[in-house]
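Trainee: So the numbering used here is basically just the index in the sequence shown, starting at one, shifted up by 380.
Ideal Cβ placement from N, Cα and C applies to all residues, glycine included.
Next up is a structure, given as structure tokens.
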Amino acid sequence: MDSVYAVSTGLQSSFGRIPVTALHPVVEGGRYPAKAIPGEDIRVEALAFREGHDSLGATAVLYGPDGLEVQRVRMVPGPPGTDTWEGWLRPHSEGAWEFEVEAWDDPYGTWRHDARIKVGAGIDVELMLAEGARLLTDAAAAIGNANDSARNDADTVRRAAWVLADGLLNPVERLAAGISPEVQDVLNRRPIRRMVTHSGRFPIKVERERAGRGAWYEFFPRSEGAVYHPESGTYTSGNFRTAAERLDAVAAMGFDVVYLPPIHPIGRTHRKGPNNTLVAGPNDPGSPWAIGAPEGGHDAIHPDLGTVEDFAAFVQRARKLGLEVALDLALQASPDHPWVEAHREWFTTRIDGSIAYAENPPKKYQDIYPLNFDNDPEGLAHEVLRIVLLWVSRGVDIFRVDNPHTKPLWFWEWLITRVNEQHPQVVFLAEAFTRPAMMHALGRAGFQQSYTYFTWRNTKKELQEYLTEVSRVSDAFFRPNFFVNTPDILTEYLQFGGPAAFRIRAVLASMAAPLWGVYAGYELYEHVARPGAEEYIDNEKFEYKPRDFAGAEAAGRSLAPYLARLNRIRRDHPALGDLRNLVLHTSSDDATIAFSKSKVPSPGAPADTVIVVVNTDPHGAREGAVTLDLEALGLRPEDLDEDGRFTVDDLLTGQTWKWGAHNYVRLDPYVEPAHILHVRRN
């Protein structure tokens, strides 16, 4: 029932007949595609407005990689006076998709509004009813009789038109027929659209699920199975064979990705000792990020870890357990890297002839030479491309990129584009804790995921602001991976919060974001920092660190069962696999945060809704009132009892309660700091 508006030649305007502006998700006017994964619900927003007071409507339209229309959703208006419209689209497969917004004159909405006022006031009664009868007659004809559904809808509208035109009936009865819920339902699904104005299409890049959903676990292969020899005070390194034995436990905790720090030969020149000391002993293993030695560089494997065949067996074992292997891509070199002799131009030479080492004042990294992409950009770029493609051929489809913000953006856009052209399954995670502009630009350049500021957002206020940002503001181009800790980051919150702090952060990360991760030792509550630093004492970056995971779990001192439960909840509830559906709710306590996620998994299926309430104070119990937005929860009348309440099951404790719009909550972090509530549907 469209009437597309076309501006006469010579009267063209960039606005169109009905202006459509401020579209989301649109990245820099469509220069870069918005990010999505199959089955993800994408929130589409726009400003659509017009002159005068006539009604208008808006439609979000999704087009598949073949350019054909796949989905059409009528958008709903936002808060009064804002001219905002919102709708949700869901691509179902990988590829280059597009969307657009159509704004249109809504003659039925205008008539309904005016007729209520005028007929009620006795003004132009017959004229208003006659106009309504004509409008509905035309609508019924436009609906047609293509199938039973259309025939029934056309009959509903046609009968209303007859009543509107029946002068023997009371005007109030005639109007009631024209604005009945049945008629409004039909014309909401099959609206009369005039002067349709198109926004133009904008790109959406839909990548594989692991680009946007997954639980990550990081460990050092050399520590897994390392053997300490007390008589000499030395270690025998773990290797891929011993590390593979750890994979069963990682899979049992429900993780999807096992991430390995660099596995390449480590330089000896300026090798760092324990706790980043400047002098290393003869048996100190050095930092894996000081890449390169006579044994080889980025394309080689450290001899202590095994061979290429051993690595292949490790990858195969991981895949058998449902795990993918992510490898660190650290574009830097030790002074012993083969590049230093063969390609000195790939580094920065200082005035005294020495090669500049890495610095982050006051920190100095004499064991690492940064790369310089300005001296031989083409040669260096193609060497990195060769290395990435080599590891892809060895079974690596995910790369965690170290410090990408220290390399030029053009390079990342070029590299990721080239790799994904040949291997669209490859995913890049940006480890960039830096200024927002650079972090966001890396997402635009092609990084599928990024580390985030979540690590340092601990209070209710900080979390509310950040969750709003990543789910509603930067969601088009920045896909957050909520790591709770890293080998470099042990926050004060974890240092001094006790076991409760570890549970709190795990709940927040795993429930708020489709992507989250932990670094080994988290499940053992490792929390002792190097004095004056936000990093672990006896840091694993510089030494072996074998851990007794099984013994801790047997003694009841492990968080592993809790992490497994969280990951099981994530897998069981589709709502938790999306980012953009997060809704914040109100709590009276200044340390208690509440949010929900809801999703209809498939047409006709009941909505999956999860409510998360967390006490962010690890030191004491908190209580107060949690007020829920029932409309945002998608509750239907049949889901509520006569008191307007509904049933929720706590997925952490197994308890069941009746909740409503207002709920008393008390959370003791020493018992259980959170509720993860699943809403029962009738």
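CA-CA distance, Asp535 and Gly1024?
Mentor: Distance between the alpha carbons of Asp535 and Gly1024: 36 Å.
Trainee: In the structure shown, what three-state DSSP assignment does Lys925 receive?
Mentor: Three-state DSSP puts Lys925 in coil, outside helix and strand.
Trainee: Pull up the distance between the alpha-carbon of Asn525 and that of Ala428, whole angstroms please.
Mentor: Between Asn525 and Ala428, the C-alpha separation is close to 32 Å.
Trainee: Verify the contact flag: Arg1025, CB atom, against every heavy atom of the ligand GDP, threshold strictly below 7 Å.
Mentor: With respect to small molecules bound, the structure shown includes none, and the ligand GDP cannot be examined in it.
Trainee: Would you decide whether Ala520 is buried or exposed? Buried here means 16 or more other CB atoms lie within 10 Å of its CB.
Mentor: Per the 10 Å Cβ criterion, buried.
Trainee: Which residue wins for smallest C-alpha separation from Ala416, given the options Ala1001, Ile973 and Asp958?
Mentor: Of Ala1001, Ile973 and Asp958, the residue nearest in Cα terms is Asp958.
Trainee: Need the endpoints of the beta strand (DSSP E) that Leu946 sits in, please.
Mentor: Leu946 -> not in any beta strand (DSSP E); alpha helix (DSSP H) instead, spanning Ala940 to Asp952.
Trainee: Less than 8 Å separating the beta-carbons of Asp1009 and Ala955?
Mentor: For Asp1009 and Ala955, no; Cβs fall outside 8 Å.
Trainee: Please classify Arg599 as buried or exposed, where buried requires at least 16 neighbouring CB atoms within 10 angstroms.
Mentor: Contrary to the premise, residue 599 reads as Phe rather than Arg in this sequence. Classification for Phe599: buried.
Trainee: On the DSSP bridge list, what partners appear for Ala510?
Mentor: In DSSP, Ala510 forms no bridge with anything.
Trainee: For my contact list, Tyr1042 and Thr996 are in at a C-beta cut-off of 8 Å; report their separation, rounded to the angstrom.
Mentor: In the sequence on display, residue 1042 carries His and not Tyr. With 8 Å as the limit, His1042 and Thr996 do not qualify as a contact, their Cβ atoms being about 21 Å apart.
Trainee: Per DSSP, which residues does Pro457 bridge with? Please list them.
Mentor: For Pro457, which the question treats as bridged, DSSP gives the partners Trp465.
Trainee: On the DSSP letters alone, give me the boundaries of the alpha helix (DSSP H) that Ile778 sits inside.
Mentor: Segment Ile778 to Asp782 is the beta strand (DSSP E) holding Ile778; no alpha helix (DSSP H) there.
Trainee: What do you reckon, are the CB atoms on Ser830 and Pro860 nearer than 8 Å?
Mentor: Contact: yes.
Trainee: Applying the 10 Å Cβ sphere with the 16-neighbour rule, what's the burial state of Thr972?
Mentor: Looking at its Cβ environment, which holds 16 or more other Cβ atoms inside 10 Å, Thr972 is buried.
Trainee: Use the C-beta contact count for Gln802: other C-beta atoms within 10 angstroms, 16 or more gives buried, fewer gives exposed.
Mentor: It counts as exposed.
Trainee: Specify whether the segment 481-499 and the segment 586-604 touch according to this definition: at least 3 beta carbon pairs, one from each stretch, less than 8 Å apart.
Mentor: The segment 481-499 is not in contact with the segment 586-604.
Trainee: Does the segment 801-819 touch the segment 751-760, meaning 3 or more C-beta pairs lie closer than 8 Å?
Mentor: Judged by Cβ distances under 8 Å, the segment 751-760 makes no contact with the segment 801-819, as fewer than three pairs qualify.
Trainee: Would you mind sorting Ala817 into buried or exposed? The rule is 16 or more other CB atoms within 10 Å of its CB.
Mentor: The residue is exposed, with fewer than 16 neighbouring Cβ atoms inside 10 Å.
Trainee: Can you list, in chain order, the residues of its chain whose CB lies under 7 Å from that of Glu449, leaving out five sequence neighbours each side?
Mentor: Val441 and Tyr443.
Trainee: On the CB-based measure, 16 or more other CB atoms within 10 Å of its CB, does Ile398 come out buried or exposed?
Mentor: So Ile398 counts as buried.
Trainee: By a C-beta neighbour count over all protein chains shown, 10 Å radius and 16 as the cutoff for buried, is Val424 buried or exposed?
Mentor: Buried.
Trainee: Taking buried to mean at least 16 other C-beta atoms within 10 Å of its own C-beta, is Ala1054 buried or exposed?
Mentor: Buried is the call here.
Trainee: Here's the rule: buried if 16 or more other CB atoms are within 10 angstroms of the residue's CB, otherwise exposed. What is Ser473?
Mentor: With fewer than 16 Cβ atoms within 10 Å of its Cβ, Ser473 is classed as exposed.
Trainee: How would you label Thr797, buried or exposed, when you count the other beta carbons within 10 angstroms and need 16 or more for buried?
Mentor: Exposed, by the Cβ-count rule.
Trainee: Flag this pair as touching only if the segment 862-875 and the segment 830-841 have three or more C-beta atom pairs under 8 Å; answer yes or no.
Mentor: The segment 862-875, when compared against the segment 830-841, does touch it at the 8 Å Cβ threshold.
Trainee: List the endpoints of the continuous alpha helix (DSSP H) containing Asn532.
Mentor: Segment Asp528 to Ala545, the alpha helix (DSSP H) holding Asn532.
Trainee: Roughly how many angstroms lie between the CA atoms of Asp928 and Trp477, to the nearest whole one?
Mentor: Each residue's alpha carbon lies about 48 Å from the other.
Trainee: How do the segment 885-896 and the segment 610-622 stand: do at least 3 beta-carbon pairs fall below 8 Å, yes or no?
Mentor: The segment 885-896 is not in contact with the segment 610-622.
Trainee: Terminal residues of the continuous alpha helix (DSSP H) containing Gly489?
Mentor: Its alpha helix (DSSP H) spans residues Pro487 to Ala501.
Trainee: What is the DSSP secondary structure of Trp790, counted as helix, strand or coil?
Mentor: In this structure, Trp790 counts as helix in the three-state DSSP scheme.
Trainee: Would you say the segment 676-687 touches the segment 746-756, given that touching needs at least three Cβ pairs under 8 Å?
Mentor: No, because fewer than three Cβ pairs between the segment 676-687 and the segment 746-756 fall closer than 8 Å, the two stretches do not touch.
Trainee: Out of Trp596, Glu725 and Arg766, which has the shortest C-alpha to C-alpha gap to Arg780?
Mentor: The shortest C-alpha separation from Arg780 is found at Trp596.
Trainee: Assuming Ser978 and Asn961 are in contact, meaning their beta carbons sit under 8 Å apart, how far apart are those beta carbons, in whole angstroms?
Mentor: About 6 Å separates the two Cβ atoms, so the contact holds.
Trainee: With respect to the alpha helix (DSSP H) encompassing Ser982, which residues constitute its N-terminal and C-terminal limits?
Mentor: It is not in any alpha helix (DSSP H) - Ser982 carries neither H nor E in the DSSP assignment.
Trainee: Quick one: what's His1058 bridged to in DSSP?
Mentor: Note: His1058 sits in a beta bridge opposite Val990 and Asp1029.
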